Amino acid sequence: MTLLEVRDLAVEFSTPEGTVRAVKGVDFTVGRGRTLGIVGESGSGKSVTSLAVMGLHRGAKVTGSVRYEGTELLGAPEETVRKLRGRRMAMVFQDALTSLHPYFTIGDQIAEAYREHHGGTRRAALKRAVEVLGDVGIPEPARRAGEHPHQFSGGMRQRAMIALALSCEPDLIIADEPTTALDVTVQAQVLELLAKIQQDRGLGIIMITHDLGVIARVADDVLVMYGGSAAEQAPADTLFTAPRHPYTRGLLDSLPRLDAEDGEALRSIPGSPPSLLDPPAGCAFHPRCPVYAANPSPLCTGERPLLRQVAPGHQNACQLDEVTV
Amino acid sequence: MTGNDPKTALLTVKDLGMTFPGPRGTFRRGGGIKAVDGVSFDVRPGETLGLVGESGCGKSTTGRMLVRLLDPTAGRVDFRGKDITRTGQRELRPLRSKLQMIFQDPFASLNPRQTVQQIVSAPLRAQGTSADAIRREVRELIQLVGLAPEHLERYPHQFSGGQAQRIGIARALATRPELVVADEPVSALDVSIQAQIVGLMERLQRELGVAYVFIAHDLAVVKHISHRVAVMYLGRIVEIGDKHEVYGNPAHPYTKALLSAVPLPDPAAERVRERIVLLGDPPSPANPPSGCTFHPRCAKAQDVCRTEPPLLQITTAGGGRQAACHFPEA
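Just so you know, the protein sequences line up as chains A and B, in that order.
Residues 1 to 325 in full-length UniProt numbering are what the first sequence lists, from first letter to last.
Residues 1 to 330 in full-length UniProt numbering are what the second sequence lists, from first letter to last.
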């Protein structure tokens, strides 16, 4: 069952230095109970994509189509979007300390979000807040609900963020680097919690991260982004065992791994991610691409490549890939 | 081999401690916060010692004491056989050229109003090198770290994060140090750039024979670059030894849990992997648990763990590796 369907999503910002095309036509779908991982480096457009889906870009030009259970959100009245946002799809941000208001108690903030969508008394909303705080594993939720964000540890704050997102029982959660600021043992707890909640409630999850390990742990399907475009999309198993885009392969090769054989050198990708103000022509990756370097093809510098099917369920935007359907 | 051997060691750290003043108020005289407590290790010429642990474990504080950016409140650091913890700044200067540091945030650690030429030459000027020699040296250094001489007249903001870190490395290497303390040198960088910097540091070690103390929270990066690894928890070393022993067969339950928490970029392996999920957060150094500070999160904890702090000692797990645990993994 498809929850979210995104087609040809593009986001442009006007800056004093010129127009930044942060996302250039991305497609994906998320089903109930499924996790889509979106992976990319800084400037790849992964966070901009998620904010555009939530309708949280002010002053940006967003085009394409974002459908939530059939309802088009782009160009829809703000009222329609607001009813869905928070209620049906919710977001978990990286930095819980800046995302939570320092002045209000955790319980009040969750209760406020709940009342925004469900109405009812303040007392009933606070009861709901305590309930979800308990759901996400906060000990003594009734007492902790009366505390302020600074009284929570990093892991606890991220749990509170998840509780806030869950308070209205959404069907879809977009988590943007939810564990990046956390220590690895606390990250393991938070990922475990998300997996449990997903299993219990059949949530769809979009997990946005730069960490391929996190992707491997949680994602069913993976979208690899580079320079604002989709580079490759495949089921997680396929992507890690048989990556086809030279960028995906480069990323996996450059990753130091705990399970690596000894003395294996890291093969780094030369150069740096492209500037979005002045992106390379054609394939955004070609200036760093080993395949292009070995055999420069005009295909790589011509049209911007789009994802195409190269094997069942496997899409690649590399023009030089031979289709093996 | 992990004991202190002043004859072969370049750097010997003995019972190093750092106690920061605690919170004070009208009605309370805060006790100190022990950020680092009784840390001992040595670093041999040309090797890399990885220092890993989670936030607040004292790894950065330890690194800063090694180069005397912080004055330790206990213990000593011997560099090339000389105690540098009680040396005056004037006496320290010749040693400083052999002991350098690389920082996490390349932009915060480079002066935005200085050109690359000025930044990289600063340590040489401090050592009183002649202007001619400085110009020659800086050109050589900048190429050594993979930048071009035309970059020398530019300012830090004109560089990407990876390039800026190369400038920081060039500055650290300017005085041909024997030991570089690198505090999270790649954690602010994108994955594809991380590999470039790790590769550069490895090449420089081979070419120049420099030793590193590599401080990081990323266990995979530390495994890749280190020869030996020390795992820290709440200000203390809980396990130290050869990289293969520590990673392949961890003796301390914390090391084991830490390693199992790192997600592997391999979905098939992730599905079948045995994972130890620790309960709770790392405790605050302001109010550490009694006995073994890891006991509230440890599945193996017994009564003795709640009362007796374990000593760092050779275990039966093999090799010369040491662990601070009453019940180490065999």
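Where a beta carbon is used, it is the ideal one built from N, C-alpha and C, also for glycine.
No experiment lies behind these values; they were computed from the predicted model shown.
Under the Cβ criterion (8 Å, minimum of three pairs), the region 232–241 of chain A does not count as touching the region 156–175 of chain B. For B/Glu270, the closest Cβ of chain A is nearer than 7 Å. Note on the region 116–169 of chain A: whole alpha helix (DSSP H) runs with a minimum of 4 residues are 122–135, 141–144 and 154–166, in chain order.
At a cut-off of 3 residues, the continuous stretches assigned as beta strand (DSSP E) that sit fully inside the region 43–75 of chain A are 61–68. Boundaries of the beta strand (DSSP E) harbouring A/Thr209: Gly204 to Thr209, taken from the DSSP string.
In the displayed model, B/Gly56 falls within coil according to three-state DSSP, outside both helix and strand. Taking a beta-carbon distance threshold of 7 Å, A/Val214 counts as an interface residue toward chain B.
Counted as a single uninterrupted DSSP element, the stretch harbouring A/Phe285 is not any beta strand (DSSP E), since DSSP gives it neither H nor E. The residues Pro106, Ala188, Leu189 and Ile193, in chain order, have a CB closer than 7 Å to that of B/Gly161 in the same chain once the five nearest residues on each side in sequence are set aside. Not a single C-beta of chain A is nearer than 7 Å to the C-beta of B/Ala148. Counting other Cβ atoms within 10 Å of its Cβ, A/Gln94 reaches 16 or more and is therefore classed as buried. Proximity of A/Thr180 to chain B, defined by a Cβ-Cβ separation below 7 Å, is not satisfied.
At a cut-off of 7 Å between C-beta atoms, B/Ala170 does not count as an interface residue with respect to chain A.
In the three-state reduction of the DSSP assignment, B/Tyr247 falls in the helix class. Setting aside the 5 residues that flank it on each side, B/Pro289 is surrounded in the same chain by Pro283, His295 and Pro296, each with a C-beta closer than 7 Å to its C-beta; the list follows chain order. The shortest CA-to-CA distance from A/Pro246 to any of A/Val190, A/Val23, A/Ser268 and A/Thr19 is the one to A/Ser268. Contact between the region 308–319 of chain A and the region 41–54 of chain B is absent, with fewer than three C-beta pairs closer than 8 Å. Taking each of A/Thr29, A/Ser47, A/Gly25 and A/Val23 in turn and checking the Cα distance to A/His210, the smallest one comes out for A/Ser47. Closest in C-alpha terms to B/Ile84, from the list B/Gln117, B/Leu16 and B/Pro23, comes B/Leu16.
Sequence-distant Cβ neighbours of A/Thr19 in its own chain, meaning closer than 6 Å and more than five residues away, are Glu12. Listed in chain order, the beta strand (DSSP E) elements of length 3 or more contained wholly in the region 172–254 of chain A are 172–176, 204–209, 221–226 and 229–235. B/Phe79 is bridged by DSSP to B/Leu11 and B/Lys82. Excluding its 5 nearest sequence neighbours in each direction, B/Arg321 has C-beta neighbours in its own chain below 8 Å: Thr2, Glu239, Ile240, Gly241, Asp242, Glu245, Val246, Ala251, Ile314 and Thr315, listed in chain order. Counting only Cβ-Cβ distances below 7 Å, B/Leu312 has no contacts in chain A at all, with the closest Cβ about 21 Å away.
With a contact defined as Cβ atoms closer than 8 Å, B/Ala122 and B/Ile142 miss out at about 14 Å. No Cβ-Cβ contact shorter than 7 Å links A/Leu255 with A/Leu4. Proximity of chain B to A/His286 at the Cβ level (cut-off 7 Å) is not reached, the minimal Cβ distance being about 15 Å. In this structure A/Ser153 is not in contact with A/Ala129, their Cβ atoms being roughly 19 Å apart against a cut-off of 8 Å. Linking A/Val190 to A/Arg217 through their CA atoms gives a straight-line distance of about 12 Å.
Taking C-beta atoms under 8 Å as the contact rule, A/Pro305 and A/Cys318 qualify, at a distance of about 7 Å. Residues of the region 135–164 of chain B with a C-beta less than 7 Å from any C-beta of chain A: Ser160 and Gly162, listed in chain order. When rounded, the separation of the alpha-carbon atoms in B/Asp37 and A/Ala294 is 54 Å. Assignment of beta-bridge partners to A/Asn316 by DSSP yields A/Glu232 and A/Arg308.
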